[in-house]
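Below you'll find the structure, written out as structure tokens, and then a few comments.
Chains as they are written, first to last, in the numbering used here: chain A, 29 to 297; chain B, 990 to 1445; chain C, 238 to 408; chain D, 4 to 372.
In structure tokens form, the structure reads like this:
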């Protein structure tokens, strides 16, 4: 017996590149290509016919998984499972652990999370905040070929690019503060990541305070002033209403999470 | 006795843990068509034009139904009790909530059915929506039903349910304090793990076999028979095994429409709601608006209660008049309050119709009455457990509608919890029983309400 | 593509992007995994893929090609129940039964990873699975009992961990 | 950051069976030639366990082992009418129908056995599948043999039918709401104590413990009753602090269409749940049982609301008690507001929520001074 998804996907040209080069070539300029990392976001989109791709690119065999270290530089391949990050130091590890549950983290990929579009009912892309705090760069393919750029520059164009890997310098310290509600369900209403680089630079970023992860430069500038830093963060965001929380609530709580993240950064639990 | 009282495992336990239990979605019938619905995208709108031919003309589409295909378009959940129906099975010329079904397609697979739905040509004229029950009575409020924004068919064609007991004016005159508050519990989705699912097979005999996840086989069979205008022996409901219900599967949400599609197409049909349909289009527990003013004495007796309830029924009445009546019967909670003035309205809004859910009609008032009781204890500075024991219903006390309590346990359940949480009760509260009131527990104001437990 | 489901290898004709859940239920007729949401939100469709619990509604079948799948049908039969199935009966961990298959497979995966009877760890491991009937308490007790290796009396159910009766009870 | 703990209690009552009654349930039973018992009823099992409960009632009533009884509720051709599984009626109303059918079967078994043993049926009883002469236990005959004798000797089919109905008789006086007969089958009672922890910076409320006492009348299956009560407790927790179809009620936008955006309680929300059962039998329920399935989710929300007040000193009377509502209430309190208006002997809470504050005069709630 046929089901919706059977009928739909029969009409889709499915590509299964066996290497990074093949994936880059198959992606081309990204026109009409649906990228399937772990599938946890796009499979339901296809099931419910919100996405009707002409071509789909399955990345599982493209050799993009794995975490490598070169001195203090960490590089994480795009199809590395989010679950692989759970044990790494803050902010990345605790941020990863806060995403969905074990079964979804084991299937979902880092690249999929970085490229996630804004959810229509709740935020997506939890890792974006943690990687922004780490000052990460993303290597991606698409129009104009392969390039590496800061995550901040990549995020507005993430829907048009094929992420290959993400890299960052291991921080001297890191922290993560997220809302604890709802427990274990798919989405985080609001979270703040913080990291102090080896040179002492403090970076702060939020998830759930905009259509994608957002750096908090005003808060970073006030990082030494615990009284002011929380409120300063509000200058950097445009909170919104969704099914999980109102803009009002996000505005009230973002300063709290910023302070908590900074406190943890100074005095690791 | 050996079997009653024993911890016997579930009758269907082995089937459950081996995956052998057959839910409706697990029934396999070759040649089954899939069903998809055209639902209203608007909270409130008139239907100006509709043309289903583009869907009917699609390859793989076997049947399309609209209101015109339903022998009896309106049959209410409470029609069997003589309560007027107000909800068409499929929208006629107006949609009153987002998600309301307008037309259905049965096609060779789900994808084709979904595409056919998108090809139905339809034009709406959007109308202002009413969403706040508190504004429903205003002259400038959007009108949801021709007869108005609230249900008007209680006994003697009363437009609300009311309770009058004792002498409410006496209670408020003699009160030391009047405590007033507003309570608003939310709409809740039943969210059973099994979404609404139905399969219907047209049999060679002309009967229809209806595989249903209903919580109420015969109730749902009655609803389908009424819409189809057929005797019960034309239908066979197969079910009895439901993947969670909590009240939501008392609504006969899929069976009639699938029966009509099976009849029209001559093929087995299947409709499995998506989780999103279940969340956004299925009925919910009602949101309620309750205002309470209690006349109380300084030492914690509740002399009287005045209460207004606005039951947010959503777009259609379904079981709401029943739920409001049940609510009114229990609006004093586990306590005896001798003087009462209750007014309750079933109010329509442009949201999905609400229906029965676990604790129907009473969950709301349990929250209101108990939170109010905690507040009264707080403002009076009396112990929240003692005030409850003092006012607890006892054998021989009477309910809001005059029924004598014969076997209450309010006193014993409160005492049990007091002990469990380590709250040491004063002797007079520790020795209190469920037995009829006497002595200090029978003050003058409670004498008149007493009934005789032997009567019932 | 081929899938080995509960020890039996099947050629699969569904297209590569079809969710594993739909291949199991619709193509292979294996109905133990339930379509509770098709959104990854409930866990009723969880199966073991090469021993690891996965939401089958989220997994393109291409990603399971050549893999070993265990569904509830593969845990044990009515005549030969596995310990976790016995635990779910003895601890009354199934009511309507719709979430049960996913819960047991997540529990089985947890135990296979070396999980203990620690309640918090079980709540974390099974935390994404929704049950609307039981309130979860007896599910946690059942997984803990299976993790401990308890043996189970299937003629009666266990007294709840935090339950007491003040009067009456079994005579 | 400060976390505050609090405790609150609530006591409730709840009726068994449809309000105003008029909700029949029926069952019929046949006996196989070897004495095994087949029960047919139209009662859906929605997880509540009615298949088990009715099977227990039948086995107990006839006097045969539980595993002699099969139960079939699978279709409306073979099963008689049942109004349905709702209104906490399956154990009480449908259970009574099964009980009555079983009593008929027992009586017929005793009559056949009486003929076979040449003893007055009134002097016989059925124990563990054997018909035994009262006071002379050595005189006995297995139910299997009785059924065989009925089938092959007497040419009889042993059956029983049972129907439970309180007629739809509660006429409601439209002025006073008075009714002339009890509009329910029984009433049950419960008390719940909730312990919560509130984060006063994020507004998050965590329920730590629920201690609950339910009068169940009679626990026909104590484990299943606990299951109902524990499941109800989590649903009540959802009502109290998590679930809302309309997060911006009365606005209808931003509804959650998935388990990630509609907050059904998850396993990690589970508090410690202590259950204490009281058996205060109902006069006419099967073996004294009362229906408690629905009320299981009623006492937690008010107990949680009282516990939140105990923790942080604010009353939140809109459910669920979301972090936003907590912060708004704390903010109002910090700004010197949030206190009730006092006027003479009146103490008026929540005026901003009242119909008086929102309606254009179409509806008012007037309270005597």
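Just so you know, even glycine gets a beta-carbon here, dropped at the ideal spot from N, CA and C.
Everything numeric in this text was worked out from a predicted model, so none of it was measured.
Contact between residue 88 of chain A and residue 300 of chain C holds: their C-beta atoms lie close to 5 Å from each other, under 8 Å.
At a C-beta separation below 7 Å, residue 1012 of chain B has no neighbours in chain D, since its nearest C-beta there lies roughly 11 Å away. Taking residue 353 of chain D as the centre and dropping the five residues before and after it, the same chain places the C-beta of 320 closer than 7 Å to its C-beta, in chain order. Rounded to whole angstroms, residue 1364 of chain B and residue 350 of chain D show a C-alpha spacing of 10 Å.
Within its own chain, the residues whose Cβ lies closer than 6 Å to the Cβ of residue 205 of chain A, once the five positions on either side in sequence are excluded, are 220, 285, 288 and 289, listed in chain order.
Of all residues in the segment 188 to 203 of chain A, none is placed with a Cβ closer than 7 Å to any Cβ belonging to chain D.
The distance from the Cβ of residue 256 of chain C to that of residue 308 of chain C is about 14 Å, inconsistent with a contact at the 8 Å cut-off. The C-beta of residue 1319 of chain B has 16 or more other C-beta atoms within 10 Å across all chains shown, which makes the residue buried.
Residues of chain B with a Cβ closer than 8 Å to the Cβ of residue 282 of chain C do not exist; the shortest Cβ-Cβ separation is about 10 Å. When rounded, the separation of the alpha-carbon atoms in residue 5 of chain D and residue 202 of chain D is 6 Å.
The beta carbon of residue 103 of chain A lies closer than 8 Å to those of 95, 96, 97, 193, 194 and 195 in the same chain, with the five residues before and after it left out. Using a Cβ-Cβ distance cut-off of 8 Å, the segment 1147 to 1154 of chain B and the segment 171 to 190 of chain D are in contact, since at least three pairs of beta carbons, one from each stretch, lie closer than that value.
The alpha-carbon of residue 1181 of chain B is positioned some 20 Å away from that of residue 295 of chain C. Judged by DSSP in its simplified three-state form, residue 1151 of chain B adopts strand. With respect to chain A, the C-beta atom of residue 257 of chain D has a partner C-beta closer than 7 Å. Counting only the Cα atoms, residue 369 of chain D lies some 46 Å from residue 53 of chain D. In this chain, residue 1262 of chain B is not harboured by any alpha helix (DSSP H), its DSSP state being neither H nor E. For residue 43 of chain D, the enclosing beta strand (DSSP E) has its first and last residue at 40 to 44.
For residue 149 of chain D, the closest Cβ of chain B is not nearer than 7 Å.
Between the alpha carbons of residue 1287 of chain B and residue 1372 of chain B lies a distance of about 12 Å. By the Cβ-count criterion, residue 148 of chain A is exposed, with fewer than 16 other Cβ atoms from all chains shown falling within 10 Å of its own Cβ. Sorting B:1272, B:1133, B:1210 and B:1031 by C-alpha distance to the C-alpha of residue 1307 of chain B places B:1272 at the top.
The beta carbon of residue 330 of chain D falls within 7 Å of a beta carbon belonging to chain A, placing the residue at that interface. For residue 140 of chain D, the number of other beta carbons within 10 angstroms of its own is below 16, and it is reported as exposed. Look at the beta carbons and you see the segment 75 to 90 of chain D not touching the segment 132 to 150 of chain D: under three pairs across the two are nearer than 8 Å. Not a single unbroken stretch of the beta strand (DSSP E) spanning 3 or more residues falls wholly within the segment 1342 to 1379 of chain B. Using a Cβ-Cβ cut-off of 7 Å, residue 135 of chain A counts as an interface residue toward chain C, since at least one Cβ of chain C sits closer than that to its own.
Using a Cβ-Cβ distance cut-off of 8 Å, the segment 98 to 110 of chain D and the segment 26 to 33 of chain D are in contact, since at least three pairs of beta carbons, one from each stretch, lie closer than that value.
Closest by C-alpha distance to residue 341 of chain C, out of C:250, C:304 and C:288, is C:288.
Proximity to residue 1321 of chain B across D:64, D:346 and D:17 peaks at D:17, based on C-alpha coordinates.
Looking at the backbone, the Cα of residue 130 of chain A and that of residue 365 of chain C are separated by about 8 Å. Between residue 315 of chain C and residue 1016 of chain B, the CB-CB gap reaches or exceeds 7 Å. Interface residue (Cβ-Cβ distance to chain A less than 7 Å): residue 381 of chain C is not classified as such. Cβ atoms of residue 196 of chain D and residue 47 of chain D stay farther apart than 8 Å, at about 34 Å. Secondary structure at residue 239 of chain A: coil, using DSSP grouped into helix, strand and coil. Sequence-distant Cβ neighbours of residue 326 of chain C in its own chain, meaning closer than 8 Å and more than five residues away, are 318, 389, 391 and 394.
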